[in-house]
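A short worksheet on the structure shown next.
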Amino acid sequence: MVLAVALILVTVASVLFHFLSPWWFTPLASNWKLIDDTILITLVITGGVFVAVNLFIAWALIRYRHRPGRRATYEPENKKLEGWLTIGTSLGIIAMLAPGLYVYTQMIRVPEDAIVVEAVGQQWQWRFRLPGEDGRLGRTGAAFVSLDNPLGLDPDDPDGHDDLIVPGPDLVLPLDRPVLVLLRAHDVLHNFYVPQFRVKMDLVPGLVSRFWFTPTATGRFEILCAELCGVGHWNMRGHVEVVDKSAYREWRAALPTFGAVLAAAADDGLDEAARRGRELARERGCLACHTLDGAAGIGPTWQGLYGAERPLADGRSVRADADYLAEAIRDPNATLVAGFPAIMPRVDLSEAEVDALVAFIRSLGAPTAEAQGADPMPPGDAPAANEAAHGAPR
Amino acid sequence: MTHDADTHHEPSSFWTRYVWSQDHKVIAIQYTLTAIAIGLVGLVLSNLMRLQLGFPGRFDFIDAAAYYQYVTMHGMIMVIYLLTALLLGGFGNYLIPLMVGARDMVFPYLNMLSFWVYLLAVLVLVASFFVPGGPTGAGWTLYPPQAILPGTPGTDWGIVLMLASLVIFIVAATMGGLNYVTTVLQARTRGMTLMRMPLTVWGIFTASVLALLAFPALFVAGMMMLLDKLAGTSFFMPAIVSMGRELGHEGGSPLLFQHLFWFFGHPEVYIVALPAFGIVSDLISTHARKNIFGYRMMVWAIVAIGGLSFVVWAHHMYVSGMNPYFGYFFATTTLIIAVPTAIKVYNWVLTLWRGNIHLTVPMLFAIGFICSFVLGGITGLFLGNVSVDIPLSDTYFVVAHFHMVMGVAPILAIFGGIYHWYPKVTGRMLDERLGRLHFWVTFLGTYAIYFPMHYLGFLGMPRRYYSFEDYAFIPDSAQDLNAFITVCALVVAAFQFLFLFNLVWSAFRGKPAESNPWGATTLEWQTPETPPRHGNWGEALPVVHRWAYDYSVPGAKRDFIPQTEPHEGAPPGTDEALAEARP
Amino acid sequence: MTNPTSQTQSPPASATPGWNEVVADWAADRRVFQVSWRKSMMWIFLLSDTFVFGCFLTGYMMVRIATTEPWPNVSEVFALTMFGQSIPLILIAIMTFVLITSSGTMAMAVNYAYRRDRVRCAALMLATAALGASFVGMQAFEWTKLIEDGVRPWGNPMGAAQFGASFFLITGFHGLHVSAGVIYLVIVARRVLAGRYERRGDYEIVEIAGLYWHFVDLVWVFIFAFFYLW
Amino acid sequence: MDRDPGQQHPIGLYLKVWGLLFVLSFFSYMVDYHEVQGHLRWILVVTFMLLKAGLIVAVFMHLRWERLALIAAITLPPLAVVVLAVLMAVEGDYTAAIRDAFFATPAP
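Sequence order for the protein chains is A, S, B and W. Reminder that position 211 of the first sequence reads as 211 in my numbering, one-by-one numbering, no gaps. Reminder that position 255 of the second sequence reads as 255 in my numbering, one-by-one numbering, no gaps. Reminder that position 57 of the third sequence reads as 57 in my numbering, one-by-one numbering, no gaps. Reminder that position 13 of the fourth sequence reads as 13 in my numbering, one-by-one numbering, no gaps.
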């Protein structure tokens, strides 16, 4: 009896919760109203079944509860009833499946006039690329990835030279224009998910996956990674900004081409040792923790580090000169800079390599005026852009 | 191996009786206790996760790495080491021989081995908590490349121990499964046709078949990933740049792992669900004093679900980047599987209809199961239908769905089963008041945890997030809801200790049970002794004359007729008469 | 090992050949298959093992199709120079013939077992085991040769890395099955000679060992076709 | 002691099947030796493979003398693996096509 009442209350509460809850779909910002409609169909059908079954159980519990002298009916089967229930269920299933597959057909049929955007994921940041004048994206390969070529474009593929490289994790899209998003990952699985657009798809290393949508509302939307990709998964941030056509054209026109990026990289004013150090910093994973743009990472930033006076955790302070830096690289946790945990691993490096790294840090010594707009070099390379996105207010 | 009574000497020493035991009942208890022990670890891990989600940042020791380790170990422990082991190794071992009228499993030695290998798998798994780097944090699906690359916790030792433990578990499950399947197929007692078996046996039997055929895929995936990790092969590893470094791999396919994993993983869902279906069917029928409605449909539904479960796996992969045309095939097969599943629900409900419902503790849990399962089942229709799934996949909707359907529902069935069969296992009843309290908190608590969680999914909150700070689309109220869910989870978890207390206390102090306290028809209640001795049946095996559901038969004296009771004046030449005429 | 009921339970009377018989068997009490527990368990185990090898081969097929690296020309890789001439796949061909021969001797062993010809049965089983052992030996030779050629699980000079990985994994796993089978056969053969089954009047265990052995051969048929002839 | 329920068949049958297996293996080897390519190669290889497998299972493993209930129980479940294999072949082709279309061949 109590159980029957509880079941009725649970059912009523669930229905009320559904109508009263403030948690529901984010306002739709793409053409996929069809998806919302299909969900609604499913919700109505299944919700009806849910309420009916629970209330029937509650009623049965009351009506057929044990009372002295009561005896159950003996009824092994009732073919007719079972038949009707099977048919009814099948019809309900068809009513959900048919629209579902119809919508799915739309989802995998990419419109002819869709503009193409490539999104690339790596732990834990987003990058984007657009085809250039020729409308074609150049080929890519993991072997080409370097600090100057974080997207891994094939420098020998002429199609790639006019490709536009988006600096940072923010993508801009034009309103009311179908977009085909091509997805690719460098390291592990990621997933490109913007709740307001409804569609999402995994980024798979060694594969190019895709989905399409048409943005139908302007605004700035968060990109979430929806496929577990390591400890930073929850903080892999990026944005899609939907703007009108002219603003989009303006944004697009300011993007550097891959060719320009390559040319600038060849002429970055670094000496041999510093350039070697820069490549080492990438290869050995230093940049996962140390940023190059002043933002605080897991470890101290390298920008402006050289020659600076640093407070230590034990209250002393130290000047970050070449000797100190070399020592700190060789024996990471001997002296700790205030505010940072003792988690840096000892990296196996030769003397020459340590010197190269120090030379690179020295080259970052004083804040320079580079990197903003005019210089096609993306501001803050590698993880730096990402760190900036979530580590510090922009 | 002749299975005469004389081959079953009661073992004399403590060691042979309780430790190196070949008695299926002792092995069942060993399996059950081990599974509960490791399950408690999983429970604690879930609460640690909930602490972080409900009160982010309040607990310093839960950093992102630890959180992902909890997520992973919680999932794997609950699905494999608790539910699979408890339902097949525990319930399967105890009930199959008793319910089909056998003296033991067909190969008792192998059966014993199965438990010890399972224990080894559990120990290897637990060991991963104590190795440098801790257990793996790759998520219970262990998707490569992430599972074996830096950036994920436990990629040195944790993942290796996890895979090793899984491989060992599969060996154990195979040894057990061979026994269960062969016993059901080949060692039933006289008169026990397949269509007279209780649905519990049908559920466990079909689940064992699924285990034998699905675990190989996990085995193969595990071996390949071990080689990728340890020998640098490239089965699942394409060319990869990880943390700025190019790895030596090329040409492998991460999707292959996902296909293999889910080729195992979807049948695995039914390995957990089918035994629960069976147990609940029997509980409802017994405690409503009414035959299960549409027994034959129920059997065919179990078999159909089992068969179909092998061709629906990629509905877990709609957003994985696989060939998009697969979506049509898998959405269709997945929604077809809903039909037999729905039939099962109808038949449970229709069993209550016109019954004589005794709301005993097992019955409470059984009805709680239906309610939870219906919720979990209908939300599955969202996720099986490809275009509906896409916005919801990888959100809290999925978390809510699968916890309801293969976490809460089977656990409620397991609790119901334990309250139901405990008197047979120990000879004492579980305390009823504690049981009712346990039921109400567990049922309402889990509902309060998971029902609202669906709405976080609708909102679009992605799962496996350590924290949701500064996401503009998530309102602050979602955090309040998360805190509420956490409190519910803590309470529900705390009350499970009440259940454990009840288990232990009642074993010594519980009310002594009669041999058939619920007035049930099935064979396990007709043993000469309670608890049954080694060999189960004393001098002679029971002979079965009727199906398992003769409750409230018109004209009968009592409201149940045990399966061993002959039909009165069965005319010569009928099935029953034949069964008796045979030597 | 026969069930105590094996003699008393004749197939159900209503059985007619074809699917009616299947229905009758599945509807019977006590047992579905008219074979002993051990034999039915071996069959079910082999079914499970089929899934293991099926998944191995499927995985191999998928990575082979998906990789863009060229796959080594298998028939050249496994060629041997004999009589001053390079003969493609010759070692594999010999291995195949050895394994088929062993399957033949095993089948005869089972036959003699049921004829109660203890000595011939054991001799044939030992011959089977010896052939199996020589198969493993040749496989070891083949592994050595490939390793000398620079093939490793993680790569090879001839193309796709998956070649070495699949080769070592699949033939290794099959080789383990063969090795286990050799041990199994030797144990059973010893018992046959010792007269254990004679006393029990039940030689079915030889047939069960045979089932396992033929299965190992069966798997090789598929490996031969899909790995070496693709 | 005539109660042996086991499989008893004339030795000659085994010898015939044995011989047939040799012949089939020889044929499949010849397919490779003569470098038959394309569809014909596949048809031949798979045909010989299935014939060999069928002979081993049917005669050596005595399946053809077992009752249909056992035969069906053993031969039907592997269809699930066949479904997996077919879909994986499709998936493999899809992956290869995408890699051809988008990825550069690694620098030599």
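Using N, Cα and C, we set each Cβ at its ideal position, and we do this for glycine too. The model shown is predicted, which means the values in this text are computed figures rather than measured ones.
query: Neighbourhood of LEU48 (chain S) by C-beta, 7 Å cutoff - its chain only, sequence neighbours within 5 removed; result: ILE62 and TYR70
query: Members of the region 35–58 of chain A near chain S, C-beta cut-off 7 Å; result: ILE35, THR38, ILE39, THR42, THR46, VAL49, PHE50, VAL53, ASN54, PHE56 and ILE57
query: Beta-bridge pairing of TRP212 (chain A) - partner residues as DSSP gives them; result: A:LEU180
query: Cβ distance (whole Å) where ARG103 (chain S) is taken to contact TRP440 (chain S) below 8 Å; result: Contact flag wrong, Cβ pair sits at about 40 Å.
query: Where VAL119 (chain B) falls, given that 16 or more other Cβ within 10 Å makes a residue buried; result: exposed
query: Own chain, CB closer than 7 Å to ARG64 (chain W), minus 5 neighbours either side, in chain order; result: ALA58
query: Where LEU40 (chain A) falls, given that 16 or more other Cβ within 10 Å makes a residue buried; result: exposed
query: MET1 (chain A): first and last residue of the uninterrupted alpha helix (DSSP H) it sits in; result: No alpha helix (DSSP H) holds MET1 (chain A); DSSP gives it neither H nor E.
query: Residues from the region 69–97 of chain W in contact with chain A, defined by Cβ distance under 7 Å; result: THR95
query: CB contact below 8 Å: ARG602 (chain S) versus chain B; result: Since the displayed chain S opens at 1 and closes at 583, residue 602 (chain S) lies outside it and no answer follows.
query: CA nearest to the CA of PHE33 (chain B), picked from W:ASP93, W:GLY38 and W:ALA72; result: W:ALA72
query: Residue from S:PRO145, S:SER320 and S:PRO153 with nearest C-alpha to PHE236 (chain S); result: S:PRO145
query: Whole-angstrom distance between GLN139 (chain B) and ILE170 (chain B), CA atom to CA atom; result: 12 Å
query: Outcome for ALA328 (chain A) when other beta-carbon atoms lying within 10 angstroms are tallied against a minimum of 16; result: buried
query: CB contact flag (LEU124 (chain B), THR105 (chain B), <8 Å); result: yes
query: For SER242 (chain S): DSSP bridge partner residues; result: S:ARG245
query: Host alpha helix (DSSP H) of LEU385 (chain S) (start-end); result: Reading the sequence as shown, one finds Asn at residue 385 (chain S) and not Leu. Taken as a continuous stretch (DSSP letters only), ASN385 (chain S) belongs to no alpha helix (DSSP H), as it is neither H nor E.
query: Listed by chain order, chain B residues near GLN186 (chain S) by CB distance under 9 Å; result: ASN3, ARG30, ARG31, VAL32, PHE33, VAL35, SER36, TRP37, SER40 and MET41
query: Beta-carbon gap between LEU87 (chain S) and ALA366 (chain S) smaller than 8 Å; result: no
query: Interface partners of PHE103 (chain W) on chain A, CB under 7 Å; result: ARG139, THR140 and GLY141
query: C-beta neighbour in chain B for ILE11 (chain W), strict 8 Å; result: yes
query: Pairwise C-alpha distance: TYR450 (chain S) and PHE197 (chain A); result: 25 Å
query: Span of the alpha helix (DSSP H), counted from its first residue to its last, around GLN37 (chain W); result: GLN37 (chain W) -> no alpha helix (DSSP H), and no H or E assigned at all.
query: Identity of the residue in B:PRO157, B:LEU126, B:TRP230 and B:GLU148 nearest ILE187 (chain B) by Cα; result: B:LEU126
query: Residue range of the unbroken alpha helix (DSSP H) whose run includes TYR346 (chain S); result: 326–352
query: Cβ-based burial, MET62 (chain B) [other Cβ within 10 Å; buried from 16]; result: buried
query: Unbroken alpha helix (DSSP H) run spanning ALA130 (chain B), endpoints; result: 118–148
query: Residue from S:ASP480, S:SER477, S:MET322 and S:SER372 whose Cα sits closest to the Cα of ALA96 (chain W); result: S:MET322
query: Close Cβ partners of ALA288 (chain S) (< 7 Å) along its chain, the five nearest in sequence each way excluded; result: THR351, LEU352, GLY355, ASN356 and ILE357
query: Cα-Cα separation, GLY132 (chain A) to LEU147 (chain A); result: 21 Å
query: Anticipated Cβ contact below 8 Å, GLY248 (chain S) with GLY232 (chain S), distance rounded; result: 6 Å
query: Cβ-based neighbour list, PRO25 (chain B), same chain, cut-off 6 Å, excluding 5 preceding and 5 following; result: The residue asked about is misnamed: residue 25 (chain B) is Asp in this sequence, not Pro. Here the set comprises VAL32.
query: Outcome for LEU228 (chain A) when other beta-carbon atoms lying within 10 angstroms are tallied against a minimum of 16; result: buried
query: Selection from S:LEU335, S:GLY252 and S:PRO462 that minimises the alpha carbon distance to LEU97 (chain A); result: S:LEU335
query: Under the three-state DSSP convention, the category GLU77 (chain A) falls into; result: coil
query: Proximity test, Cβ basis, 8 Å: ALA107 (chain W) and chain A; result: Its pLDDT being 47, under 50, ALA107 (chain W) is placed unreliably in this model, and the coordinates cannot settle the point.
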